[in-house]
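Below you'll find the structure, written out as structure tokens, and then a few comments.
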Amino acid sequence: MKVRTAPITEVMAKVIAGRRLDEQTWSKELKPLLDGLPHRSGFEIRRLVAVWASDSIEIDPAVRSDVKKTLSDFGYLNSERSTLGDPRDRAPGTPSSRFRTLEARNVTSPSRTFEKLRALVAPESAEVTVAVLDTAIDLNHPVLAAALSPAFASVEESLSRRAPSRPAGLVDSHGAHVAGIASQRTDRVKLLPEPLIDGTGQLIAPEATIDEVVRAGARVVNLSLATNTAEEVAVLERAILAHPETLFVLGAGNKHLALGEGDFSPQTHLAARDYPNLEVVTSARSDGVIAWSAATGADIAARGDGVLSTVMLPAGRQRAEAEAGYDVMSGTSMATPQVASAAARCLVLDPSLTPVELRRVLSVSCDVSENWDALVSSGGTLNDERACAVVAARVLVSRGETPAAAVARLPVPASEKPKILQALEQLSA
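Residue 847, in my numbering, is where the sequence shown stops; the numbers in between run on with no holes.
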């Protein structure tokens with residue numbers, strides 16, 4: 419498909435910026451252009467989103483919800499305006515009160531529980547690599563650079579030989595945000611980021627890229643993207659089936675459709691298919707219910723609403739100070755790397771786990787709720803620390819301890835121990 423990006427910029431310049439977005443302009447000029455684009459957007463779509471999120475335009479209430487839904491389908495924007503970037507409530511060089519609030523309840527903060535579990539059952543040197551295949555990330559970001567796998571340079575070299583005509587990936591904040599979520603719960607998870615999406619929204623050498631990151635040691639591959647064609651489904655299917663010992667974690671999509679229906683048919687939407695080593699993730703709000711734009715029919719849910727993570731550094735900035743280099747995004751793209759991160763940490767504790775076993779651990783350890791009945795197969799939302807605790811207990815049992823004794827040793831709250839023991843029993847059933 420030829421992607422028409424230039425007209426978006428022209429329409430923005432002539433019609434939107436600094437003016438009111440009325441119903442006729444939206445329905446007659448903007449929406450038809452967006453409807454013709456794949457739901458993996460390039461740079462011009464990000465510019466359109468930035469204009470929409472700005473206070474510089476007024477949007478007709480009659481079309482605001484449709485504008486929000488259409489742009490959210492692309493998976494690259496918040497469902498609300500960013501809470502960062504307002505300098506009025508902070509002194510120079512210090513985090514704003516909004517930033518501190520977000521940071522305090524953030525799902526990407528380092529996990530002290532995991533570090534205690536790691537000390538209990540894993541060698542000090544244990545690490546696991548997660549490949550984040552997305553838009554290209556900003557390697558100048560100090561947080562992402564610190565998490566980078568030592569194998570990154572060799573993968574780049576191998577891909578340049580294997581796919582010399584591979585186009586450059588789109589560098590934007592989507593990949594950076596996903597990479598931060600995937601890696602920032604512990605320094606034991608290393609990042610192997612490779613661009614899989616170019617500036618036109620097309621996939622970049624997917625089979626070669628997946629082959630090389632797996633060859634370099636990636637045990638988990640994060641795919642916060644959607645497929646649009648049968649050809650894309652076929653090529654990713656071949657790659658997934660070619661690496662049965664690698665867990666692929668895929669976003670379900672942002673259209674609030676059931677997987678297998680409409681635009682989410684198995685012919686063109688990879689998340690509607692089922693493979694032993696594929697975990698499909700949908701998005702939950704911070705209160706634990708399904709996000710308004712999230713797909714149903716996935717394997718598990720994770721928080722995808724208002725997630726704080728790394729983004730591209732502002733021009734001229736080399737360090738991530740205070741808000742610089744961080745922002746909030748929402749969507750299944752943000753939920754997916756939380757599951758990838760949890761799976762990777764489970765592998766740090768027990769590298770013998772297969773993808774099928776990992777998926778089972780994630781399922782039996784989740785927070786089951788009637789809110790998720792018939793919406794996800796696991797029946798609830800990711801509980802990453804419980805999943806890690808279940809794996810740690812499983813390791814202790816493999817060393818000769820009884821399940822009850824193993825759970826009793828875990829450095830977790832007493833209220834969690836019956837749930838962990840129950841999950842262990844489900845795994846052995």
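The beta-carbon is built from N, C-alpha and C at its ideal position, and this holds for glycine as well.
- Is SER795 helix, strand or coil by DSSP? Numbered from its first residue, the sequence shown carries residue 795 at position 377. Three-state DSSP puts SER795 in coil, outside helix and strand.
- Query: With a Cβ-Cβ cutoff of 7 Å, do GLU612 and LEU665 count as a contact?
  - Reply: The residue you call residue 612 lines up with position 194 of the sequence shown. The residue you call residue 665 lines up with position 247 of the sequence shown. It is not a contact, given that the beta carbons lie outside the stated cut-off.
- Task: Determine the direct distance from the alpha carbon of PRO568 to that of VAL561, and round the result to whole angstroms.
- Result: Here residue 561 is taken as the residue at index 143 of the sequence shown, counted from 1. Here residue 568 is taken as the residue at index 150 of the sequence shown, counted from 1. When rounded, the distance between both Cα atoms is 15 Å.
- Message: Please list the terminal residues of the continuous beta strand (DSSP E) segment that includes ARG637.
- Response: Along the sequence shown, read from residue 1 onward, the residue named residue 637 stands at position 219. Residues 636 to 641.
- Query: Can you tell me where the beta strand (DSSP E) with MET747 in it begins and where it stops?
  - Reply: Within the sequence shown, residue 747 is the residue found at index 329, counting from 1. MET747 -> beta strand (DSSP E) spans 744 to 747.
- Cβ shell of ALA623 (< 6 Å), same chain only, five flanking positions each side left out: Start at 1 with the first residue of the sequence shown, and residue 623 comes out as number 205. So the qualifying residues of the chain are ALA581, ARG584.
- Message: Once DSSP output is grouped into helix, strand and coil, what is the label at GLY598?
- Response: As a working note, residue 598 is residue 180 in the sequence shown. Helix.
- Message: According to DSSP, simplified to helix, strand and coil, what is LEU845?
- Response: Taking the first residue of the sequence shown as position 1, residue 845 is located at position 427. DSSP places LEU845 in helix when its eight states are reduced to three.
- As assigned by DSSP and simplified to three states, the class of ARG721: Start at 1 with the first residue of the sequence shown, and residue 721 comes out as number 303. ARG721 falls in the strand class under three-state DSSP.
- Assign GLY593 to one of three DSSP states: helix, strand, or coil. The sequence position of residue 593 within the sequence shown is 175, counting from 1. Reduced to three states, the DSSP call for GLY593 is helix.
- Item | Pick from VAL808, ALA626, GLU834 that is closest to ARG656, judged by C-alpha positions | Within the sequence shown, the letter at position 238 stands for residue 656. Looking at the Cα atoms, ALA626 is the closest of the given residues.
- Query: Do the CB positions of LEU800 and ILE708 come within less than 7 Å of each other?
  - Reply: The residue labelled residue 800 in the question sits at position 382 within the sequence shown. The residue labelled residue 708 in the question sits at position 290 within the sequence shown. Contact flag unset, no.
- Over the uninterrupted beta strand (DSSP E) stretch that includes LEU609, give me the two end residues. Along the sequence shown, read from residue 1 onward, the residue named residue 609 stands at position 191. That run of the beta strand (DSSP E) goes 607 to 613.
- Along the beta strand (DSSP E) that carries LEU696, what are the first and last residues, could you check? Counted from its first residue, the sequence shown places residue 696 at position 278. 696 to 702 is the extent of the beta strand (DSSP E) around LEU696.
- What residue from PHE682, THR754, GLU679, ALA792 has the CA that sits closest to LEU696's CA? Working through the sequence shown from its first residue, we reach residue 696 at position 278. Here the closest residue by C-alpha is THR754.
- Using a Cβ-Cβ cut-off of 7 Å (strictly less than) and excluding sequence neighbours within five positions of SER572, which residues of its own chain qualify? Counting from 1 along the sequence shown, the entry for residue 572 is found at position 154. Excluding sequence neighbours, SER572 sits near ALA634.
- Task: For PRO773, count neighbouring C-beta atoms within 10 Å of its own C-beta (all shown protein chains included) and say buried if the count is 16 or more, exposed if not.
- Result: Indexing the sequence shown from 1 puts residue 773 at position 355. Classification of PRO773: buried, given that the 10 Å Cβ count is 16 or more.
- Task: Give the DSSP-derived three-state secondary structure of GLY503 in the structure shown.
- Result: Counting from one through the sequence shown, the residue named residue 503 turns up at place 85. Residue confidence for GLY503 is low, a pLDDT of 39 falling below 50, so the modelled location carries little weight; the figure read from the coordinates is stated next. If DSSP states are grouped into helix, strand and coil, GLY503 belongs with coil.
- Message: Tell me the DSSP secondary structure of ASP478 in three-state form.
- Response: Here residue 478 corresponds to residue number 60 of the sequence shown, with the count starting at 1. DSSP places ASP478 in coil when its eight states are reduced to three.
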